[in-house]
Amino acid sequence: MIAWTQRLLRLGLLAAVLPSMPALAASESERLNIFLDRVHDAAVARWPEWQTRMGLKTNYDRWNDRSDAKAVKEHEITIRDLQRLRHGFDYNKLTPSAKLSYRLYERLAEMRINRFPFRHHRYAVSHLSGPHKHIASFLMNRHRIDEPADAHAYIARLRGVPQVMDQTVARLTLRAKMGILPPRFVFPKVLADIDGFLTGMPFETTSDEDTLILGDFRKKLAKLGLPKSAAAALLQQCRAALTTAVKPAFLRLRQAMAALQQQATEDAGAWKFPDGAKFYEFALRSTTTTEMTPDEIHAYGVTEVARIHDEMRKISKALGFKGNLRALFDFVRHDPSNYYPNDQIGRAAYLADSRAIIAEMRSDLGRAFAVRPKAALVVKRIEPYREKTAAIAFYRSPAAHGNRPGMYYVNLNDMRLMPKSHLEALAYHEGIPGHHMQIAIAQELDGLPKFRKFARSTAYLEGWALYAERLAKEMGFYRAPLSDFGRLAWELLCAARLVVDTGLYHKRWTREQAIDYLDKTLPDSHAVNVKAIERYIVWPSQATAYKIGMREILALRAMARKRLGKDFKLRDFHRVVLGNGALPLDLLGEVVEQWVEAGGG
Numbered sequence: 002m003i004a005w006t007q008r009l010l011r012l013g014l015l016a017a018v019l020p021s022m023p024a025l026a027a028s029e030s031e032r033l034n035i036f037l038d039r040v041h042d043a044a045v046a047r048w049p050e051w052q053t054r055m056g057l058k059t060n061y062d063r064w065n066d067r068s069d070a071k072a073v074k075e076h077e078i079t080i081r082d083l084q085r086l087r088h089g090f091d092y093n094k095l096t097p098s099a100k101l102s103y104r105l106y107e108r109l110a111e112m113r114i115n116r117f118p119f120r121h122h123r124y125a126v127s128h129l130s131g132p133h134k135h136i137a138s139f140l141m142n143r144h145r146i147d148e149p150a151d152a153h154a155y156i157a158r159l160r161g162v163p164q165v166m167d168q169t170v171a172r173l174t175l176r177a178k179m180g181i182l183p184p185r186f187v188f189p190k191v192l193a194d195i196d197g198f199l200t201g202m203p204f205e206t207t208s209d210e211d212t213l214i215l216g217d218f219r220k221k222l223a224k225l226g227l228p229k230s231a232a233a234a235l236l237q238q239c240r241a242a243l244t245t246a247v248k249p250a251f252l253r254l255r256q257a258m259a260a261l262q263q264q265a266t267e268d269a270g271a272w273k274f275p276d277g278a279k280f281y282e283f284a285l286r287s288t289t290t291t292e293m294t295p296d297e298i299h300a301y302g303v304t305e306v307a308r309i310h311d312e313m314r315k316i317s318k319a320l321g322f323k324g325n326l327r328a329l330f331d332f333v334r335h336d337p338s339n340y341y342p343n344d345q346i347g348r349a350a351y352l353a354d355s356r357a358i359i360a361e362m363r364s365d366l367g368r369a370f371a372v373r374p375k376a377a378l379v380v381k382r383i384e385p386y387r388e389k390t391a392a393i394a395f396y397r398s399p400a401a402h403g404n405r406p407g408m409y410y411v412n413l414n415d416m417r418l419m420p421k422s423h424l425e426a427l428a429y430h431e432g433i434p435g436h437h438m439q440i441a442i443a444q445e446l447d448g449l450p451k452f453r454k455f456a457r458s459t460a461y462l463e464g465w466a467l468y469a470e471r472l473a474k475e476m477g478f479y480r481a482p483l484s485d486f487g488r489l490a491w492e493l494l495c496a497a498r499l500v501v502d503t504g505l506y507h508k509r510w511t512r513e514q515a516i517d518y519l520d521k522t523l524p525d526s527h528a529v530n531v532k533a534i535e536r537y538i539v540w541p542s543q544a545t546a547y548k549i550g551m552r553e554i555l556a557l558r559a560m561a562r563k564r565l566g567k568d569f570k571l572r573d574f575h576r577v578v579l580g581n582g583a584l585p586l587d588l589l590g591e592v593v594e595q596w597v598e599a600g601g602g
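Everything in the sequence shown is counted per the working numbering, starting at 2 for the first residue and increasing by one.
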């Protein structure tokens, strides 16, 4: 009986009756893992775009439901599933790993429930996010066309764009009634992005170039090798969907944004929202997974800025510079040798150098890591249509089923904003041993519930990536003093982020005050600092994750090294930190503490 039950468990055929089945059929931990996997799979099944990101082709012709009714329904499901967790399992009968899964799921569910009252406090559209940017990016980078059915699904998604836009306009309208509008500077950028998207064929019949979507569809379709008549018919359907569905939908969003622009003010902080102070305090706790107050975070940032400035003064000697810190910043920023040519040759050189740096690090990982990711990593330029308002770099995770590599995107729109001094640290942060290392390994972990493989804790994710920059220094990289200066410049930015984020949202700084602080504190150009502040303004609290997360990882490593002494091994420490998926910082601390108590084996 038990053997037959175990076989059914492996086949997943008992999922419908768990967690109520008696304990004799499975251990409490097995029941929990099956329950958590079932909850995860049900969640994935409700979000078509999530399925596509995972490499699945279910609901391949649909977009996510962005309505508030959907948000309410998801809230109800979260409450129900949390109750089922708490009433369906005996925590004391779980294995240590299952207890961690229980607590992590409980924590994430509680966070989603507590976030629900603030669901309108994030901007529905900004210069960094929204369907005007997401639709093209998603189709171009996520929607593969491997067979004719995929092409039909692509066209169906184009026909579904009006619903996406109408739901977004409804969210914009509701937020505007609540007084939640982006600052005035956001609107011209969004309008320009929409206008840029609506260029080329078939939107402009006199154009010689395809619009981004038509060009992407044409290129993917060509690889199928279909008969000319079949390919022509699909291309015509794509053109029709773009002109009759996509263009009118984008114009409706444009009209809504243009109208709301008249109501916008210069106020930058979330303090202007209803319950804005409570929202920001919640956002900080969610992002940092600590109880640090805004004042504590601000003070820590000020202290770290001063420390890093002192380290930079020491490096100035290695650079052969004798002036003060501000003069050093000006020297590095204006040195022509610190920049690639602002042309296609320079862009190609930047990509090539980034790939070479990552390849060298990959070949040397064995010294610090016992486990490495299987997924490949691709270094790629951000597409021209979105690079003017995009971040300078970002990472996209590989597909869970291995049919898409991880992608490290770099913004090469203006090479004067991408100095050579910063290239090395940026590659380590976004690529290896940073985001790609951590996220790919998490997705490839065996023996864990699925949700833990895809869980996201911002302080852990960004803290690890910033830690990876420093780890590369400890491994002997940044051989050139200028590259080490760039490493410190990135850490300095992360420290300054603590100051400006809490400044904007807690101390009510203006956009100009925050920009001025970065101009006085960082070696970056004014244009770079403006772009940075405009990012933080539409993304409350996210900027605090980097230094807070790095601080905790370094503190845990120092604790483990002190207590384990000669038994401490860096490879084992990294195995523990990376071997449980992304964890809130306090849970990560407990895992490391348990490892130390067990002797660090």
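We put the beta carbon where it would ideally sit given N, CA and C, even for glycine.
Asked, Found
"For L489 and Y106, what's the separation of their Cα atoms in angstroms?", "36 Å"
"Pull the bridge partners of A394 from the DSSP assignment, please.", "V411"
"Counting C-beta neighbours from all protein chains within 10 Å, is the total for E470 16 or more, i.e. buried, or is it exposed?", "buried"
"Does the beta-carbon distance from G302 to A460 come in below 8 Å?", "no"
"Using a 10 Å radius around the Cβ and a threshold of 16 neighbouring Cβ atoms, would you call P23 buried or exposed?", "In this predicted model, P23 has a pLDDT of only 42, less than 50, meaning its place in the structure is not dependable; the value taken from the coordinates is given anyway. Exposed."
"Starting from the C-beta of L285, find all residues in its chain whose C-beta is less than 6 Å away, skip the five residues before and the five after it, and write them out in chain order.", "S542"
"How many angstroms separate the CA atom of Y506 from the CA atom of F280?", "10 Å"
"Hey, how far is the Cα of M258 from the Cα of I195?", "10 Å"
"At which residues does the beta strand (DSSP E) containing R382 begin and terminate?", "L378 to R382"
"Using a 10 Å radius around the Cβ and a threshold of 16 neighbouring Cβ atoms, would you call T266 buried or exposed?", "exposed"
"Buried or exposed for S364, going by 16 or more other Cβ atoms inside 10 Å?", "exposed"
"Can you tell which of L413, G407 and G550 has the C-alpha that lies nearest to the C-alpha of M55?", "G407"
"Are the beta-carbon atoms of V170 and R253 separated by less than 8 Å?", "yes"
"Between the C-alpha atoms of Q439 and A234, what's the straight-line distance to the nearest angstrom?", "44 Å"
"In angstroms, rounded to a whole number, what distance separates the CA positions of F486 and A307?", "15 Å"
"Roughly how many whole angstroms lie between the Cα atoms of R576 and F283?", "31 Å"
"Given a threshold of 16 other Cβ atoms within 10 Å of its Cβ, counted over all protein chains shown, does V73 qualify as buried or as exposed?", "exposed"
"Tell me which residues share the same chain as L261 and place their Cβ nearer than 8 Å to its Cβ, disregarding the 5 neighbours each side in the sequence.", "L173, A177, L182 and F188"
"For R405, count the other beta carbons within 10 Å of its own beta carbon; 16 or more makes it buried, fewer makes it exposed. Which is it?", "buried"
"Across which residues does DSSP place M202 in a beta bridge pair?", "D211"
"Return yes when the Cβ of M416 is within less than 8 Å of the Cβ of Y340, no when it is not.", "yes"
"Please classify I114 as buried or exposed, where buried requires at least 16 other C-beta atoms within 10 Å of its C-beta.", "exposed"
"P132 CB to nearest chain C CB: under 8 Å?", "In summary, chain C is missing from the structure at hand, where a single protein chain is found."
"Within the continuous alpha helix (DSSP H) that includes A456, where are the two ends?", "It is not in any alpha helix (DSSP H) - A456 carries neither H nor E in the DSSP assignment."
"Classify E598 as helix, strand or coil using the three-state DSSP reduction.", "helix"
"By how many angstroms is the C-alpha of Y468 removed from the C-alpha of Y396?", "16 Å"
"I'd like to check one pair, D354 with L418: are the Cβ atoms closer than 8 Å?", "no"
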